[in-house]
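To start, the structure itself, in structure tokens.
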Amino acid sequence: MSGPAKADPGPADGSRGAQAARWVDADGVHIDVRGLAAPAPLVAILALVATIRDATAVIVHHERDPKMLYPELAEIGWKAERIDAPPGEVRLKLTAVAAES
Amino acid sequence: MKLAAGAFLAGATSRLLPASIPFRYFGAAVAYHLLAWIALLPDAGASPRFTGGLGWRLAALHLVTLGVLVMSAMGASLQLLPIATRQPVRFKRAPAAIWWLYTPGVGAVALGMGTGAALLLVAGATAVAVALLAYAALIARNLLGAKGMPAVTAHCWVALASLLVTLVTALSLACTYLGAPLLERGTALALHVAFAPYGFMGMLVLGLSYILIPMFALSAGPDVRNALLSCAFAVAALLLAAAAALGVVPPLARSIAIALAGVAVALHLLLMRTALRTGMRRGLGRSFRLVRMAWALLVASLIVALGVALGAPMGGIATLFGLLVIVGWLLSFLLGILQRIVPFLGAMHAARGRKPAPTPSALTAARPLAVHFWCHVAALALLALAILTDGARLAVAAALVGATGAAAFGVFFAGVIRRMRRPPPPSQARVAQIA
Chain A
3 MSGPAKADPG
13 PADGSRGAQA
23 ARWVDADGVH
33 IDVRGLAAPA
43 PLVAILALVA
53 TIRDATAVIV
63 HHERDPKMLY
73 PELAEIGWKA
83 ERIDAPPGEV
93 RLKLTAVAAE
103 S
Chain B
115 MKLAAGAFLA
125 GATSRLLPAS
135 IPFRYFGAAV
145 AYHLLAWIAL
155 LPDAGASPRF
165 TGGLGWRLAA
175 LHLVTLGVLV
185 MSAMGASLQL
195 LPIATRQPVR
205 FKRAPAAIWW
215 LYTPGVGAVA
225 LGMGTGAALL
235 LVAGATAVAV
245 ALLAYAALIA
255 RNLLGAKGMP
265 AVTAHCWVAL
275 ASLLVTLVTA
285 LSLACTYLGA
295 PLLERGTALA
305 LHVAFAPYGF
315 MGMLVLGLSY
325 ILIPMFALSA
335 GPDVRNALLS
345 CAFAVAALLL
355 AAAAALGVVP
365 PLARSIAIAL
375 AGVAVALHLL
385 LMRTALRTGM
395 RRGLGRSFRL
405 VRMAWALLVA
415 SLIVALGVAL
425 GAPMGGIATL
435 FGLLVIVGWL
445 LSFLLGILQR
455 IVPFLGAMHA
465 ARGRKPAPTP
475 SALTAARPLA
485 VHFWCHVAAL
495 ALLALAILTD
505 GARLAVAAAL
515 VGATGAAAFG
525 VFFAGVIRRM
535 RRPPPPSQAR
545 VAQIA
């Protein structure tokens with residue numbers, strides 16, 4: 003199942019509200035947290051990760067390097083992998099470490 | 115480009131200040147925390163009726179306020195605000211330079227107060243003031259470019275404005291001991307007591323809470339309108355308190371200021387309650403028991419402040435107010451937050467050149483924190499009881515128990531540093547191989 007190819011990133015001042023766009027693509031569940039004010043991106047990503055029960059990857063579309071996310075991911079046994087993205091976007095692939103063992 | 119968790123964490127740290135910056139502030143705060151309780155010991159017996167004046171009790175008070183509260187707030191804000199505002203620290207060497215000026219300055223202030231050496235006190239106060247002005251300039255520069263987060267930014271601006279009032283009144287009070295005060299002592303004291311804990315530290319704590327509490331509870335950010343409303347009530351309270359201190363309005367205005375502060379706090383705590391209730395992470399542990407206790411004692415401090423303003427006939431009420439606001443609210447809150455933020459930042463920084471990254475929980479030693487928690491609560495209770503009963507022995511016991519707790523907190527902090535440096539345990543090493 004595929005959703006929109008690209009979600010609306012919204013204004014850059016963090017005024018988009020607390021809603022992160024989500025869709026499913028062949029490479030995993032996508033979440034676009036661009037334009038959200040901290041800590042909404044962190045919360046939205048971890049909330050999505052918490053719902054994953056299998057080896058499905060989470061693809062994060064971010065506007066910056068989410069520094070606060072990494073200790074939280076490590077704590078729940080997930081890892082992050084930076085993947086190619088258009089200029090101005092940080093795109094991450096998150097996977098559960100246990101799912102790969 | 116594929117990165118394992120640890121290596122990726124290392125990449126993430128590239129835009130952070132070096133670990134040595136926040137950790138030097140936190141380390142100094144941990145050391146001054148222990149020294150504060152030790153400094154209380156020589157005159158602990160007379161502490162229940164302390165209302166000011168040079169001596170080791172005043173030194174202990176400022177080791178807590180300047181040495182622990184402001185020191186850790188500086189370390190945390192220098193590290194976290196750039197991430198929140200998405201603005202880097204402009205002058206990379208400034209945070210370390212500020213620390214080198216501020217830390218010995220605090221020591222000189224405490225030593226000057228304890229020994230009654232006025233010149234040492236003024237020299238230390240000047241160093242502290244210059245360091246804090248440089249810090250204020252650094253933070254202001256960062257806030258000017260902030261994107262979004264209006265509630266956090268507004269609180270930080272009020273905190274910086276309050277810092278200026280705090281510095282002017284502090285220097286005036288220090289100069290009193292040289293016989294050349296800038297302001298009348300009563301006025302300077304009244305302004306200092308309102309603007310240092312509630313204006314500077316308080317607004318910084320309330321503002322940063324809008325980032326930190328949702329971040330730790332994993333909840334949505336608080337309602338911005340209500341957070342700004344809380345800030346507006348706090349500003350009105352501070353302005354009215356200042357007007358009362360300057361004699362511009364009748365003394366009754368102090369009570370109205372406290373009522374306005376009460377509304378600000380009520381709005382803030384409602385937002386915090388919502389964050390905790392809606393957060394994904396429910397088990398926030400001992401650190402948040404300290405935070406919740408701190409919030410309760412913030413409310414208690416305002417009630418006692420009202421008693422002071424109305425001239426309640428109770429011995430030691432001014433000392434009790436000071437205990438509640440400084441130790442009960444601010445110190446409890448910061449120690450609660452520090453025990454979460456230190457391992458969290460440690461995990462971010464420890465990943466540099468190391469695979470895998472240690473988790474925050476792997477860096478945390480639970481036992482020293484348990485000892486610290488009970489000692490902190492016991493010391494606070496003993497001090498309150500000492501004030502209520504004018505009990506000298508209780509105050510001495512409080513200082514001893516408090517020092518034990520502070521030492522335990524030091525063990526926790528040293529443990530984080532040690533664990534940051536040592537190789538990962540086998541379980542994590544296995545994860546590294548998989549990654």
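First to last, the protein sequences are chains A and B.
Its first residue numbered 3, the first sequence is counted upward by one per residue in the working numbering.
Its first residue numbered 115, the second sequence is counted upward by one per residue in the working numbering.
All C-beta atoms, glycine included, are put in the ideal place defined by N, C-alpha and C.
The structure displayed is predicted, hence computed values, not measured ones.
Do you know whose CA, among the options, lies nearest residue i's CA?
| i | options | result |
| --- | --- | --- |
| A/Ala39 | B/Gly219, B/Val338, B/Leu274 and B/Ala304 | B/Val338 |
| B/Asn104 | B/Val266, B/Ala288, B/Phe309 and B/Cys270 | Past the edges of chain B, shown from 115 to 549, lies residue 104 of chain B, and the structure says nothing about it. |
| A/Asp27 | A/Ala46, A/Lys95 and A/Ala100 | A/Lys95 |
| B/Arg454 | A/Leu44, A/Pro73, A/Arg55 and A/Ile61 | A/Pro73 |
| B/Ala391 | B/Thr433, B/Leu303, B/Ser333 and B/Phe402 | First, the amino acid is wrong: residue 391 of chain B is Arg here, not Ala. The candidate whose alpha carbon is nearest that of B/Arg391 is B/Ser333. |
| B/Phe309 | B/Leu353, B/Met386, B/Ser286 and B/Ala378 | B/Leu353 |
| B/Ile152 | B/Gly219, B/Ile135 and B/Leu225 | B/Leu225 |
| B/Ile253 | B/Cys270, B/Phe402, B/Gly221 and B/Val242 | B/Cys270 |
| B/Ala528 | B/Leu497, B/Pro457 and B/Leu168 | B/Pro457 |
| B/Leu214 | B/Gly335, B/Pro136 and B/Leu258 | It should be noted that the sequence gives Trp, not Leu, for residue 214 of chain B. Minimum Cα distance to B/Trp214 is reached at B/Pro136. |
| B/Pro551 | B/Glu298, B/Leu343 and B/Leu278 | No statement about residue 551 of chain B is possible, as the shown extent of chain B runs from 115 to 549 and does not include it. |
| B/Gly167 | B/Pro364, B/Gly300 and B/Leu494 | B/Gly300 |
| B/Thr229 | B/Met188, B/Pro156, B/Val184 and B/Arg255 | B/Pro156 |
| B/Leu448 | B/Phe435, B/Arg403, B/Met462 and B/Ala461 | B/Arg403 |
| B/Ala348 | B/Leu303, B/Ala517 and B/Leu374 | B/Leu374 |
| B/Ala208 | B/Gly169, B/Ala251, B/Pro472 and B/Gly321 | B/Ala251 |
| B/Ala248 | B/Val422, B/Ala480, B/Leu274 and B/Val223 | B/Leu274 |
| B/Ala378 | B/Ser344, B/Ala331, B/Met188 and B/Thr388 | B/Ser344 |
| B/Ala509 | B/Ala498, B/Thr518 and B/Gly519 | B/Ala498 |
| B/Thr518 | B/Leu483, B/Pro295 and B/Leu175 | B/Leu483 |
| B/Ser323 | B/Leu385, B/Gly181 and B/Ala350 | B/Leu385 |
| B/Leu438 | B/Ala461, B/Val413, B/Leu459 and B/Gly450 | B/Val413 |
| B/Arg406 | B/His382, B/Ala464, B/Leu424 and B/Ala419 | B/His382 |
Given that a residue counts as buried once 16 or more other Cβ atoms are within 10 Å of its Cβ, and exposed if not, what is residue i?
| i | result |
| --- | --- |
| B/Phe205 | exposed |
| B/Val530 | buried |
| B/Thr217 | buried |
| B/Ile417 | exposed |
| B/Thr179 | buried |
| B/Ser134 | exposed |
| A/Ile78 | exposed |
| B/Ala173 | buried |
| B/Ala549 | For B/Ala549, the predicted model reports a pLDDT of 29, less than 50, meaning its position is unreliable; a value from the coordinates is still stated below. Its Cβ being crowded by 16 or more others within 10 Å, B/Ala549 is buried. |
| B/Gly293 | exposed |
| B/Arg535 | exposed |
| B/Gly335 | buried |
| B/Leu149 | buried |
| A/Pro68 | buried |
| B/Ala513 | buried |
| B/Leu154 | buried |
| B/Thr503 | exposed |
| A/Ala42 | buried |
| B/Thr478 | buried |
Tell me which residue opens and which closes the beta strand (DSSP E) that residue i is part of.
| i | result |
| --- | --- |
| A/Trp25 | Ala23 to Asp27 |
| A/Gly30 | Gly30 to Asp34 |
| A/Ile61 | Val60 to His64 |
| A/Asp54 | Note that residue 54 of chain A is Ile in the sequence shown, not Asp. From DSSP, A/Ile54 is part of no beta strand (DSSP E); its letter is neither H nor E. |
| B/Leu318 | Here B/Leu318 belongs to no beta strand (DSSP E); instead the alpha helix (DSSP H) covers Met317 to Ala331. |
Could you give the residue range of the alpha helix (DSSP H) that holds residue i?
| i | result |
| --- | --- |
| B/Arg368 | Leu366 to Thr392 |
| B/Ala492 | Ala480 to Thr503 |
| A/Glu74 | Leu71 to Glu77 |
| B/Leu305 | Arg299 to Ala308 |
| B/Leu168 | Run containing B/Leu168: none; DSSP gives neither H nor E here. |
| B/Trp214 | Ala208 to Thr229 |
| B/Ile440 | Taken as a continuous stretch (DSSP letters only), B/Ile440 belongs to no alpha helix (DSSP H), as it is neither H nor E. |
| A/Val92 | Run containing A/Val92: none in the alpha helix (DSSP H); it sits in the beta strand (DSSP E), Val92 to Ala98. |
| B/Ala600 | Shown here, chain B extends from 115 to 549; a query on residue 600 of chain B therefore has no answer. |
Give a single yes or no on whether residue i has its beta carbon closer than 7 Å to a heavy atom of the ligand SAM.
| i | result |
| --- | --- |
| B/Ser134 | With respect to small molecules bound, the structure shown includes none, and the ligand SAM cannot be examined in it. |
- Say whether the stretch 85–103 of chain A touches the stretch 158–174 of chain B, bearing in mind that this needs 3 or more beta-carbon pairs closer than 8 Å, one atom from each stretch. no
- Task: Check whether the stretch 128–143 of chain B touches the stretch 481–495 of chain B, counting contact only when three or more Cβ pairs, one atom from each stretch, lie closer than 8 Å.
- Result: no
- Message: Under 8 Å, CB to CB, which of the residues in the stretch 26–55 of chain A have a partner in chain B?
- Response: Correct list: Ala39, Ala40, Pro41, Ala42, Leu44, Val45, Leu48, Ala49 and Ala52.
- Select from the stretch 250–280 of chain B all residues with a C-beta closer than 8 Å to any C-beta belonging to chain A, and list them in chain order. Lys261, Gly262 and Met263
- Message: Under 7 Å, CB to CB, which of the residues in the stretch 414–445 of chain B have a partner in chain A?
- Response: none
- Message: At a CB distance below 8 Å, what residues from the stretch 164–197 of chain B approach chain A? Give them in sequence order.
- Response: Ile197
- Message: Count Cβ pairs between the stretch 193–203 of chain B and the stretch 252–272 of chain B that sit closer than 8 Å; are there 3 or more?
- Response: A contact is defined here as three or more CB-CB pairs under 8 Å, and the stretch 193–203 of chain B meets this definition with respect to the stretch 252–272 of chain B.
- Does the count of Cβ pairs from the stretch 430–449 of chain B and the stretch 303–321 of chain B closer than 8 Å reach three? yes
- Touch check for the stretch 268–288 of chain B and the stretch 232–245 of chain B: three-plus C-beta pairs under 8 Å? yes
- Task: Check whether the stretch 388–402 of chain B touches the stretch 413–432 of chain B, taking contact to mean three or more Cβ pairs, one atom from each stretch, closer than 8 Å.
- Result: By the criterion of at least three beta-carbon pairs nearer than 8 Å, the stretch 388–402 of chain B is not in contact with the stretch 413–432 of chain B.
- Item | Residues of the stretch 319–336 of chain B with Cβ closer than 7 Å to any Cβ of chain A, in chain order | Cβ contacts with chain A come from Ile325, Pro328, Met329, Leu332, Ser333, Ala334 and Gly335.
- Item | Residues from the stretch 56–74 of chain A in contact with chain B, defined by Cβ distance under 7 Å | Hits within the stretch, in order: Arg66, Asp67, Lys69, Met70, Tyr72 and Pro73.
- Anything in the stretch 225–241 of chain B with a Cβ closer than 8 Å to a Cβ of chain A? List those residues in chain order, please. none
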